[in-house]
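Just so you know, the sequences run in chain order A and B.
Residue numbering for the first sequence follows the numbering used here, starting at 1219 and increasing by one per position.
Residue numbering for the second sequence follows the numbering used here, starting at 11 and increasing by one per position.
Cβ atoms here follow ideal geometry from the backbone N, Cα and C, with glycine treated the same way.
Quick notes on the structure that follows.
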Amino acid sequence: GAVVSQHPSWVICKSGTSVKIECRSLDFQATTMFWYRQFPKQSLMLMATSNEGSKATYEQGVEKDKFLINHASLTLSTLTVTSAHPEDSSFYICSAQSIDYEQYFGPGTRLTVT
Amino acid sequence: QQQVKQSPQSLIVQKGGISIINCAYENTAFDYFPWYQQFPGKGPALLIAIRPDVSEKKEGRFTISFNKSAKQFSLHIMDSQPGDSATYFCAARGGDGNKLVFGAGTILRVKS
Chain A
1219 GAVVSQHPSW VICKSGTSVK IECRSLDFQA TTMFWYRQFP KQSLMLMATS NEGSKATYEQ
1279 GVEKDKFLIN HASLTLSTLT VTSAHPEDSS FYICSAQSID YEQYFGPGTR LTVT
Chain B
11 QQQVKQSPQS LIVQKGGISI INCAYENTAF DYFPWYQQFP GKGPALLIAI RPDVSEKKEG
71 RFTISFNKSA KQFSLHIMDS QPGDSATYFC AARGGDGNKL VFGAGTILRV KS
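Below, the structure written as C-alpha cells:
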C-alpha cells in the first residue's frame, strides 16, 4: 500500500514553455502533499506544501508565480513550471502525507529545459 | 541553516561489513526521525523510523540508534550487501506543518 505515482517520469521542453507534473496517491487519500526539488548529488529541497482545496504554501525563495501548484482532489496535486528556463532543469519529487502523517514519495520527474 | 547534520558524505564498506551513518539535530521540537534510501533516478523510500521515546529500533538488517540527550541518531546496516549501495538520507520532523528536514545525504557503496 501507500503508493504515489508521478507523471511524466521525464520531460524535455523548450525554454519559455510550461510543463505540468502530476502527483497521485494511488491507494490512500492525502490532504497534504509536498513538492521537492533535487539537484544532482544534493539533498531534497522542499519547494511547497500543497493542501487540498486551498492555496499552496511556498518555502522562502521559491517563486509562486513560476511554480504553480494545484491540489484539486485528495489524490491529485499538480506542479506547473511556467516559462521554464534551463536553470529550472532538475529532479522534481512529490510526496503525499497519509493519515498517520507519514510521507510517501513519488518516483520523481526529471525535467530538462533546452 | 542546516538543521540536521549528516555524516559521512560518502562511505565505502566491504560486503558483509557494517555501514554506519550519523545524524545530529538542534531543534528539540523534532519528534520523529526517519531514514530514507534513494537509488539513482528514483524517489526516496522510507527505510526505518524512530521516535524519541525509544533508544533503538531494529528492522531486519537495519537498526536506528537514538541518543536524545546528545541529539544524535544513527543508522546501522548489518551484513551490508552490494544491493544496499544507494544514497541514504536522515530526516527529522516536528511542528512546522509536519515538514521533513533532510540531512545532506550519504552515498554508500558496498564492495563485493
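Q | Sheet register partners of Val23(B) (DSSP bridge) | A | Val120(B)
Q) DSSP state of Pro44(B), grouped into three classes? A) Reduced to three states, the DSSP call for Pro44(B) is strand.
Q.
Among the candidates Tyr98(B), Phe76(B) and Phe40(B), whose CA atom is the shortest distance from the CA of Ser20(B)?
A. Tyr98(B)
Q: Can you tell me which of the three DSSP states Ser29(B) falls into?
A: It is a strand residue.
Q | Nearest neighbour of Trp1253(A), chosen from Glu1270(A), Val1221(A), Ser1295(A) and Gln1260(A) [CA to CA] | A | The shortest Cα separation from Trp1253(A) among Glu1270(A), Val1221(A), Ser1295(A) and Gln1260(A) belongs to Ser1295(A).
Q) When Cβ atoms are compared, which residues of the stretch 46 to 78 of chain B fall closer than 9 Å to chain A? A) Tyr46, Gln48, Gly51, Lys52, Gly53, Pro54, Ala55, Leu56 and Ala59
Q.
Within 8 Å, do at least three Cβ pairs link the stretch 1270 to 1286 of chain A to the stretch 73 to 82 of chain B?
A. no
Q) What's the gap between the Cα of Ala1302(A) and the Cα of Asn1269(A)? A) 24 Å
Q: Please name the residue, chosen from Ala1314(A), Glu1305(A), Phe1323(A) and Ser1316(A), that lies closest to Thr1332(A) on a Cα-to-Cα basis.
A: Of Ala1314(A), Glu1305(A), Phe1323(A) and Ser1316(A), the residue nearest in Cα terms is Glu1305(A).
Q. Under 9 Å Cβ-Cβ, which residues of chain A neighbour Gly113(B)?
A. Against chain A, the beta carbon of Gly113(B) has neighbours under 9 Å at Ser1261, listed in chain order.
**Q.** Any C-beta of chain B under 8 Å from that of Pro1325(A)
**A.** yes
Q. Shorter than 8 Å from the beta carbon of Phe99(B) to some beta carbon of chain A?
A. Answer yes: the Cβ-Cβ gap between Phe99(B) and chain A drops below 8 Å somewhere.
Q) Going along the chain, which residues of its own chain have a beta-carbon closer than 7 Å to the beta-carbon of Asp89(B), five neighbours each way excluded? A) These residues qualify, in order along the chain: Gly26 and Arg71.
Q) Going along chain B, which residues have a C-beta under 8 Å from Ile1311(A)? A) Gly53 and Pro54
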